[in-house]
């Protein structure tokens with residue numbers, strides 16, 4: 006890793022830390038408690054940013070997969086895979102924090118409504134993406150098959166996003182875009198989204214670096230065996 | 004402070020999963036570094052022998 010990368014990572018780490026501390030302060034101290042749902046509504050400030058990051062992650066996988074199939078450069082495969090991995094982690098968090106919030110507000114942990122079901126399908130699609138890569142006979146085959154899933158699977162992201170507007174669901178509509186939040190709530194949400202986005206960038210940069218390193222080691226091993 | 008347990012559970016899960024993922028990445032980095040060291044050693048040996 007060269008000096009420029011180290012500096013970039015240090016800046017990202019510092020920025021991420023400051024933003025996350027600010028986010029925690031705003032969630033637990035600054036923002037007023039919502040009148041109807043009570044204190045449990047504060048799950049919203051991490052549940053929504055985590056969902057946003059998972060959408061962003063799968064979008065990056067989508068773009069990087071197209072670029073990999075087009076240019077066949079290993080760096081795009083590394084970015085696509087690292088982003089999908091982070092996307093799966095964050096979708097897992099959405100699927101865990103959602104029911105934890107649902108139980109005290111809806112009285113149930115889970116319901117098979119459109120938003121929840123398509124979110125679960127999204128998680129399964131990208132879990133399959135990671136499995137296909139891992140189970141492939143050779144890494145280039147896994148990268149190629151993965152890229153196809155990364156492109157086709159992205160179809161589910163806008164579907165998940167639009168479910169609450171297209172169908173009647175138990176899940177609330179996107180109140181952020183409908184002016185349903187007070188200024189302190191909106192400000193807290195923006196800071197939380199910024200904090201999680203920086204965390205996402207940091208994880209993808211590290212993850213892609215590791216995957217490139219792995220590919221180089223494989224190449225060197227092959228070259229040495231061929232000597 | 005009703006439902007505080009749910010709030011704490013949600014935030015604990017988030018940090019536990021993120022922390023676990025970072026740890027797994029660190030472990031992978033160490034494993035790859037070991038492989039690089041081994042490759043370096045074997046390349047040095049080949050150079051000495053030839």
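Chains as they are written, first to last, in the working numbering: chain A, 6 to 232; chain Y, 4 to 53.
Each residue gets a CB set at the ideal place from its N, CA and C atoms; glycine is no exception.
Kindly list the residues whose CB is nearer than 6 Å to the CB of residue i, restricted to its own chain and excluding five residues on each side of it in sequence; keep chain order.
i	result
residue 1(A)	With chain A covering only 6 through 232, there is no way to say anything about residue 1(A).
residue 196(A)	27, 28, 31
residue 122(A)	none
residue 148(A)	82
residue 213(A)	83, 84, 87
residue 124(A)	165
Specify, as a first and last residue, the run of the alpha helix (DSSP H) that residue i falls within.
i	result
residue 37(A)	Unbroken run through residue 37(A): none, as it is neither H nor E.
residue 52(Y)	7 to 52
residue 15(A)	8 to 30
residue 53(A)	49 to 76
Can you name, in chain order, every residue of its own chain whose Cβ lies under 8 Å from the Cβ of residue i, other than the five neighbours on each side?
i	result
residue 11(A)	none
residue 30(Y)	none
residue 294(A)	Residue 294(A) is absent from the structure shown; chain A starts at 6 and stops at 232.
residue 169(A)	119, 120, 176, 177, 178, 179
residue 139(A)	147
residue 159(A)	63, 64, 66, 67
Would you mind giving the Cβ-Cβ distance between residue i and residue j, rounded to the nearest angstrom? I have them listed as a contact below 8 Å.
i	j	result
residue 222(A)	residue 42(Y)	7 Å
residue 165(A)	residue 127(A)	6 Å
residue 194(A)	residue 204(A)	The Cβ separation is near 16 Å, so there is no contact.
residue 7(Y)	residue 44(A)	6 Å
residue 100(A)	residue 16(Y)	No, residue 100(A) and residue 16(Y) are not in contact; Cβ-Cβ is about 11 Å, not under 8 Å.
residue 24(A)	residue 199(A)	5 Å
residue 13(Y)	residue 51(A)	7 Å
residue 210(A)	residue 14(A)	7 Å
residue 45(Y)	residue 229(A)	7 Å
Within the same chain, show all residues whose beta-carbon is closer than 7 Å to that of residue i, passing over the 5 residues directly before and after it, in chain order.
i	result
residue 141(A)	147, 150
residue 73(A)	81, 82, 85, 148, 152
residue 48(A)	102, 105, 106
residue 34(A)	none
residue 37(A)	189
residue 20(A)	203
residue 136(A)	none
residue 172(A)	119
residue 38(Y)	none
residue 42(A)	110
residue 206(A)	17
Answer yes or no: the CB of residue i versus the heavy atoms of the ligand SAM, is any distance below 7 Å?
i	result
residue 43(Y)	This structure does not include the ligand SAM; it has no bound ligands of any sort.
Exercise for the section: Run through the stretch 102 to 188 of chain A for me and flag every whole alpha helix (DSSP H) of 4 or more residues, listed as ranges in chain order. Expected result: 119 to 140, 144 to 157, 161 to 171
Exercise for the section: Assess, as a yes-or-no matter, whether the stretch 51 to 68 of chain A is touched by the stretch 108 to 121 of chain A under the definition of 3 or more beta carbon pairs within less than 8 Å. Expected result: no
Handout entry: the stretch 96 to 111 of chain A contacting the stretch 199 to 218 of chain A, beta-carbon criterion three pairs below 8 Å
Key = With the rule of 3 Cβ pairs closer than 8 Å, the stretch 96 to 111 of chain A does not count as touching the stretch 199 to 218 of chain A.
Handout entry: Contact the stretch 170 to 179 of chain A vs the stretch 131 to 139 of chain A: 3+ CB pairs below 8 Å
Key = no
Handout entry: the stretch 58 to 73 of chain A in contact with the stretch 85 to 93 of chain A per 3-pair CB rule at 8 Å
Key = yes
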